[in-house]
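Novice: Input: one structure, supplied below.
The following block contains the structure:
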């Protein structure tokens, strides 16, 4: 299981790097699918099969479909790719990579430092709803979702409705009001 | 699953998150900026699932489900904004969108 974790983690990192360096949007979407599927595999190896299934359904399914539709609607041709290539010169990458390298050093140091709280809590006893193999079942997630976090579910439904109304308003054709 | 250290999962999550952050800063195409935001959101999901696995509780996974809902709403609004911007200026360059028209 841990081999699967490291392999799919490496796939996720490499394909995410390929997403942000691609010139063609369609190819970037394909690598984005690979990133999400590898992330779903990471979720599974971390003992979250229900979230892994949701990741495949929502991210690799619904969200990717939206991206593919937008890529097709925009229909950017080869001149857009040459323009994109002119944007992606190496000085563009220098500052973000320096900042990200500084942050990753901080993160790794904070997470793996023996004095940090993250390592200290590893001595606490593990208790909870996980089964003997460390997996948290969909039943436990659902019970927690609809009892403790029921307010969050209500708020999420209102946010989805707001997103639906906003997307409908933004997507409606100009001048359709007069008709 | 217990054989995977929480530290490694958190380092994976932060590395994926920072790749998304680099993508947001470096890319000018708004479509790639939205893709980088999606990478960052799913990276935060890895951190929450790692925490849920560490304590064997379902709470972390519940938060990941809320992140999914947020990502779905965000991508719907973001992509329709992108299409509206493209319909007005025929460009997806985030540097050229410096003026707003009511």
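Protein chains in written order, with the working numbering: chain F, 6 to 184; chain D, 584 to 685. We put the CB at the ideal spot given by N, CA and C, even for glycine.
#1: At the level of alpha carbons, what is the spacing between residue 633 of chain D and residue 681 of chain D?
#2: Counting Cβ pairs closer than 8 Å, one from the segment 12 to 32 of chain F and one from the segment 56 to 65 of chain F, do we hit at least three?
#3: Between which two residues does the alpha helix (DSSP H) containing residue 19 of chain F stretch?
#4: Where does the unbroken alpha helix (DSSP H) through residue 153 of chain F begin, and where does it stop?
#5: Within 10 angstroms of the Cβ of residue 600 of chain D, are there 16 or more other Cβ atoms? Answer buried if so, exposed if not.
#6: Report the rounded CA-to-CA distance for residue 614 of chain D versus residue 11 of chain F, giving the unit in angstroms.
#7: Could you name the residues that DSSP lists as bridge partners for residue 612 of chain D?
#8: Given 8 Å as the limit, is there contact between the segment 85 to 100 of chain F and the segment 607 to 624 of chain D, that is, 3 or more CB pairs closer than that?
#9: Does the CB of residue 18 of chain F have a neighbour CB from chain D at under 8 Å?
#10: Taking residue 93 of chain F as part of the alpha helix (DSSP H), name the residues at either end of that continuous run.
#11: In the DSSP assignment, find the unbroken alpha helix (DSSP H) run with residue 46 of chain F in it and report its ends.
#12: Please identify, using Cβ separations under 8 Å, the residues of the segment 594 to 615 of chain D that lie next to chain F, in order along the chain.
#13: Would you list, in chain order, the members of the segment 657 to 675 of chain D that have their beta-carbon closer than 8 Å to a beta-carbon of chain F?
#14: What is the DSSP secondary structure of residue 118 of chain F, reduced to helix, strand or coil?
#15: Mind checking whether residue 654 of chain D and residue 172 of chain F have CB atoms under 8 Å apart?
#16: I'd like to know if the segment 666 to 674 of chain D and the segment 592 to 606 of chain D are in contact, where contact means that at least 3 CB-CB pairs between them fall below 8 Å.
#17: Specify, as a first and last residue, the run of the alpha helix (DSSP H) that residue 78 of chain F falls within.
#18: Assuming residue 642 of chain D and residue 635 of chain D are in contact, meaning their beta carbons sit under 8 Å apart, how far apart are those beta carbons, in whole angstroms?
#19: Taking 8 Å as the threshold (beta carbon to beta carbon), is residue 636 of chain D in contact with chain F?
#20: Residues of chain F with CB under 7 Å from residue 592 of chain D, in chain order?
#21: Quick one: measure Cβ to Cβ for residue 72 of chain F and residue 42 of chain F, integer angstroms, because I've assumed they're closer than 8 Å.
#22: Does the CB of residue 89 of chain F have a neighbour CB from chain D at under 8 Å?
#23: Examine chain D for any beta-carbon lying closer than 8 Å to the beta-carbon of residue 66 of chain F, and answer yes or no.
#24: For the segment 599 to 662 of chain D, which segments carrying the alpha helix (DSSP H) assignment without a break, of at least 4 residues, lie completely within its bounds, in sequence order?
#25: Just how far apart, CA to CA, sit residue 121 of chain F and residue 82 of chain F?
#26: Contact criterion: CB-CB distance below 8 Å. Does residue 97 of chain F meet it with respect to chain D?
#27: Could you tell me the distance, in whole angstroms, from the CA atom of residue 622 of chain D to the CA atom of residue 668 of chain D?
Specialist: For this structure:
#1: Residue 633 of chain D and residue 681 of chain D: Cα-Cα distance of roughly 40 Å.
#2: The way I'd put it, the segment 12 to 32 of chain F doesn't touch the segment 56 to 65 of chain F; fewer than three beta-carbon pairs between them come closer than 8 Å.
#3: DSSP places residue 19 of chain F in the uninterrupted alpha helix (DSSP H) bounded by 7 to 26.
#4: Segment: none, residue 153 of chain F is in no alpha helix (DSSP H) and carries neither H nor E.
#5: Classification for residue 600 of chain D: buried.
#6: 29 Å
#7: DSSP, once it has assigned bridges, lists D:676 as partnering residue 612 of chain D.
#8: By the C-beta criterion, the segment 85 to 100 of chain F is judged to be in contact with the segment 607 to 624 of chain D, since at least 3 inter-stretch pairs fall below 8 Å.
#9: yes
#10: Unbroken run through residue 93 of chain F: none, as it is neither H nor E.
#11: 30 to 50
#12: 594, 595, 597, 598, 599, 601, 602, 603, 604, 605, 606, 608, 609, 610, 611, 612, 614, 615
#13: 657, 658, 659, 660, 662, 663, 664, 665, 666, 667, 669, 670, 675
#14: coil
#15: no
#16: Because the criterion of three Cβ pairs below 8 Å is not met, the segment 666 to 674 of chain D and the segment 592 to 606 of chain D do not touch.
#17: Going by DSSP, residue 78 of chain F is part of the alpha helix (DSSP H) stretching over 69 to 79.
#18: 7 Å
#19: yes
#20: 51
#21: Not confirmed; about 15 Å, so no contact.
#22: yes
#23: For residue 66 of chain F, no Cβ of chain D is located within less than 8 Å of the residue's own Cβ.
#24: 613 to 638
#25: Bear in mind that a pLDDT of 49 at residue 121 of chain F, under 50, signals an unreliable position, so the number given afterwards is only what the model happens to contain. Between residue 121 of chain F and residue 82 of chain F, the C-alpha separation is close to 51 Å.
#26: yes
#27: Taking the straight line joining both Cα atoms gives about 23 Å.
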